[in-house]
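**Q** The opening residue of the sequence shown carries number 133 in this note's numbering; numbering runs sequentially from there.
C-beta atoms are modelled at their ideal positions from N, C-alpha and C, and glycine is treated no differently.
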Amino acid sequence: MKYLKKRRLGHVDSFFSSVTALGSAYLSGFFGLLLATVNPDFLVHVFVPLAATWAFGYGVKIAVDRDRPSHPDLTVDVAPSFPSGHALTSSFLAVRFSALAPDTAPVLFAAASAVCISRVYLAAHYPSDVVAGSAIGVLSASLPWTTLF
Numbered sequence: 133m134k135y136l137k138k139r140r141l142g143h144v145d146s147f148f149s150s151v152t153a154l155g156s157a158y159l160s161g162f163f164g165l166l167l168a169t170v171n172p173d174f175l176v177h178v179f180v181p182l183a184a185t186w187a188f189g190y191g192v193k194i195a196v197d198r199d200r201p202s203h204p205d206l207t208v209d210v211a212p213s214f215p216s217g218h219a220l221t222s223s224f225l226a227v228r229f230s231a232l233a234p235d236t237a238p239v240l241f242a243a244a245s246a247v248c249i250s251r252v253y254l255a256a257h258y259p260s261d262v263v264a265g266s267a268i269g270v271l272s273a274s275l276p277w278t279t280l281f
């Protein structure tokens, strides 16, 4: 973490600040509801499972209550660090959408990977937070959610 903090560059900071928004639960929720108005099946196949996964991840955050890395520029994220919600969300969506549209898999997994890297680069998370969040997202997205509804 110290290595990255000492070597940060303005243009790279801007890039990763933009990329990290792709994993935002708020942004995903907004677009999820928007897509559900076009295709109601989206609620069952993606949005409800993502919301349940995010709630599980947030419960783990509260239970573990791990402090975030100390960084003077980090003022936005106030929730506990472990697991990364951005990594969870982006990984879940990459797996779920690539199952629905396999041709998009390389782009989706590249975007999810970029979100995960951004969280560590921006010092919002420790690497283990991102690995755990991504693992929860991938595992949950792989579950047969439609059999539950």
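1) Just confirm the distance between the C-beta atoms of C248 and S230, as a whole number of angstroms; I'd bet it's less than 8 angstroms.
2) Within this structure, are the beta carbons of F224 and A273 separated by less than 8 angstroms?
3) Mind checking whether P259 and V252 have CB atoms under 8 angstroms apart?
4) Using DSSP with H/G/I as helix, E/B as strand and the rest coil, what is M133?
5) Could you compute how far the alpha carbon of S160 sits from the alpha carbon of T185?
6) Less than 8 angstroms between the CB atoms is what I'm expecting for A244 and S222, so what's the real figure, rounded?
**A** Taking the structure as given:
1) No, C248 and S230 are not in contact; Cβ-Cβ is about 16 angstroms, not under 8 angstroms.
2) yes
3) yes
4) The predicted model places M133 with a pLDDT of 49, which falls under 50 and marks its position as unreliable, so this point remains unresolved.
5) 13 angstroms
6) 4 angstroms
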